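Here's the structure we're looking at; comments come further down.
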């Protein structure tokens with residue numbers, strides 16, 4: 474009895490999570506297409522942990538991303554628009570991302 478209740482709960486949770494992933498993927502695809510359509514350029518700044526990428530983002534975009542002299546201070550992806558003639562979009566994300574929505578690929 475208890476096992477069946479747990480299974481139902483887990484199935485419901487899995488269904489909810491799959492729906493969230495589906496909606497997120499759809500939203501990212503729409504955003505990616507819009508950036509491509511509007512010819513918004515994307516630039517990737519890569520570097521080692523604690524190399525100053527967030528500090529650079531703060532200076533370029535006037536953002537308030539957390540900057541600390543510790544490893545992995547930036548755990549959440551940040552997207553900011555740097556004001557240029559072309560409206561450059563910059564993303565600050567942890568780790569490698571394949572086909573990241575913020576990269577506009």
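Numbering (the working numbering), first residue to last: 474 to 578.
The C-beta atom is built at its ideal place from N, Cα and C for all residues, glycine as well.
Predicted model, so just to flag it, every value in this text is computed and none were measured.
>> Helix, strand or coil for residue 543? Go by DSSP, reduced to three states.
In response: As a working note, residue 543 is residue 70 in the chain shown. Correct three-state label for residue 543: coil.
> In whole angstroms, what separates the C-alpha of residue 572 from that of residue 479?
Replying inline: Taking the chain shown and counting its residues from 1, the one referred to as residue 572 is at position 99. Taking the chain shown and counting its residues from 1, the one referred to as residue 479 is at position 6. Confidence at residue 572 is low in this model, with a pLDDT of 48, below 50, so its placement is unreliable and the value that follows should be read with caution. Roughly 36 angstroms separates the two Cα atoms.
> Is it true that the stretch 536-547 meets the stretch 514-528, where meeting means three or more beta-carbon pairs spaced less than 8 angstroms apart?
Replying inline: Yes: at least three Cβ pairs fall under 8 angstroms.
> So residue 509 is in the alpha helix (DSSP H); what residue range does that whole segment cover?
Replying inline: Locating residue 509 in the chain shown gives position 36, where the first residue counts as 1. That run of the alpha helix (DSSP H) goes 475-510.
>> Tell me which residues share the same chain as residue 528 and place their Cβ nearer than 7 angstroms to its Cβ, disregarding the 5 neighbours each side in the sequence.
In response: Residue 528 sits at position 55 when you count from the first residue of the chain shown. Cβ neighbours of residue 528 beyond the five flanking positions: 540.
> How many angstroms separate the CA atom of residue 530 from the CA atom of residue 518?
Replying inline: Here residue 530 refers to the residue found at position 57 when the chain shown is read from its first residue. Here residue 518 refers to the residue found at position 45 when the chain shown is read from its first residue. Roughly 9 angstroms separates the two Cα atoms.
>> Check for me: the alpha helix (DSSP H) holding residue 528 runs from which residue to which?
In response: Within the chain shown, numbered from 1, the residue matching residue 528 stands at position 55. For residue 528, the uninterrupted alpha helix (DSSP H) run begins and ends at 526-534, by DSSP.
>> Quick check on residue 461: buried or exposed, where buried means 16 or more other Cβ atoms within 10 Å of its Cβ?
In response: As displayed, the chain neither begins before 474 nor continues past 578, which places residue 461 out of reach and without an answer.
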